[in-house]
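Colleague:
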Amino acid sequence: MTDFTSEAALVLFSGGQDSATCLAWALSRFARVETVGFAYGQRHAIELTCCDQLLNGLKKLRVDWASKLGDKHTLEIPTLSAISKTALTREMTIEIGADGMPNTFVPGRNLIFLTFAAALAYPRRISHIVGGMCEKDHSCAPDCRDVTIRALNNALNHGMLRDFHLHTPLMWLDKAAIWRLGSELGGAELVDLIREHSHTCYLGERGARHDWGFGCGECPACAVRAKGWREFSC
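Under our numbering, the first residue of the sequence shown carries the number 155, and numbering increases by one thereafter.
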């Protein structure tokens with residue numbers, strides 16, 4: 155396998171709390187960092203509009219981060235929404251199915267995202283790919299599990315004959331620990347930036363302002379973020 159540039163990273167960046175924290179994590183470790191977001195017909199597509207505000211905020215936060223930030227990519231994958239009948243791609247009530255799986259689970263989403271990210275990284279000679287997958291808060295989603303990511307990393311390396319490194323710095327952290335990681339990486343300024351400008355709500359709500367940020371306050375994503383904020387800030 156051919157070695158790629160060890161100084162560059164590509165971050166899966168949705169505009170949410172987790173991906174914003176991952177981006178700060180990458181900026182603290184790599185000399186050049188690019189981002190990739192995905193428009194797949196998600197119900198909460200407003201998350202993608204938060205990316206620019208977060209990027210601008212990160213550039214203002216630290217001069218060295220501003221110099222490291224490279225290209226921002228957005229890939230259109232509408233087919234994922236067309237074939238997925240889930241509460242993230244349809245106007246449906248969020249609930250748990252008979253199999254115990256929440257209907258917010260989009261089958262294959264993270265596998266597709268990481269594969270597209272690797273395909274994008276390949277010609278750009280980027281070897282490190284960073285994603286916000288986390289078992290702690292999303293243990294029921296099989297494409298968020300460490301075993302899945304490790305297996306996919308192996309498949310990508312063999313399938314493209316490259317030495318990719320898939321990093322998941324949030325894998326074993328709960329939301330309170332993710333807030334703490336943000337504080338460690340960028341202090342109160344980064345925490346405030348993420349709180350004000352990142353988006354988590356599955357319903358795409360940005361109207362109501364809570365202590366932890368904007369959202370409906372009731373969907374599972376809001377509930378987890380709110381709980382984490384209470385534990386972090388107490």
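Heads up, the beta-carbon is just placed ideally off N, CA and C, and yes, glycines get one too.
Compute the Euclidean distance between the alpha carbons of residue 256 and residue 331, then round it to the nearest angstrom.
Modeller: Between residue 256 and residue 331, the C-alpha separation is close to 23 angstroms.
Colleague: What are the boundary residues of the beta strand (DSSP E) that includes residue 223?
Modeller: That run of the beta strand (DSSP E) goes 223 to 230.
Colleague: Reducing DSSP to helix, strand and coil, say where residue 374 ends up.
Modeller: Looking at residue 374 - three-state DSSP - the assignment turns out to be helix.
Colleague: Along the alpha helix (DSSP H) that carries residue 345, what are the first and last residues, could you check?
Modeller: Taken as a continuous stretch (DSSP letters only), the alpha helix (DSSP H) holding residue 345 covers 329 to 351.
Colleague: Whole-angstrom Cβ separation of residue 358 and residue 199, contact assumed at under 8 angstroms?
Modeller: Contact flag correct, Cβ pair sits at about 7 angstroms.
Colleague: By DSSP's criteria, residue 127 is part of a beta bridge. Which residues make up the other side?
Modeller: An answer regarding residue 127 cannot be provided, because it is not within the stretch 155 to 388 covered by the chain.
Colleague: Return the CA-CA distance between residue 245 and residue 218, expressed in angstroms with no decimal places.
Modeller: If I take the Cα positions, the gap works out to 42 angstroms.
Colleague: Looking at the structure shown, is residue 233 part of a helix, part of a strand, or coil, going by DSSP?
Modeller: DSSP places residue 233 in helix when its eight states are reduced to three.
Colleague: What do you reckon, are the CB atoms on residue 375 and residue 368 nearer than 8 angstroms?
Modeller: Taking 8 angstroms as the Cβ cut-off, residue 375 and residue 368 do not qualify as a contacting pair.
Colleague: Residue 351: which of 323, 186, 212, 165 sits nearest, CA to CA?
Modeller: Nearest option by C-alpha distance: 212.
Colleague: What's the gap between the Cα of residue 254 and the Cα of residue 226?
Modeller: Straight-line Cα distance between these residues: approximately 36 angstroms.
Colleague: Does DSSP put residue 273 in a helix, a strand or coil?
Modeller: Helix, per DSSP.
Colleague: Could you check which residue in 203, 278, 297, 247 has the C-alpha nearest to that of residue 164?
Modeller: Looking at the Cα atoms, 278 is the closest of the given residues.
Colleague: Between residue 338 and residue 298, what straight-line distance do the alpha-carbon atoms span, to the nearest angstrom?
Modeller: C-alpha separation (whole angstroms): 24 angstroms.
Colleague: Under the criterion of a Cβ to heavy atom distance below 7 angstroms, does residue 281 qualify as lining the ligand GTP?
Modeller: Although the ligand GTP was asked about, the structure shown includes no ligands whatsoever.
Colleague: Could you check where the beta strand (DSSP E) with residue 304 kicks off and where it finishes?
Modeller: Residue 304 -> not in any beta strand (DSSP E); alpha helix (DSSP H) instead, spanning 300 to 314.
Colleague: When you compare the CB positions of residue 166 and residue 173, do they come within less than 8 angstroms of one another, or not?
Modeller: Yes; because the gap between Cβ atoms is below 8 angstroms, this pair is in contact.
Colleague: With DSSP as the reference, label residue 354 as helix, strand or coil.
Modeller: Coil at residue 354, not helix or strand.
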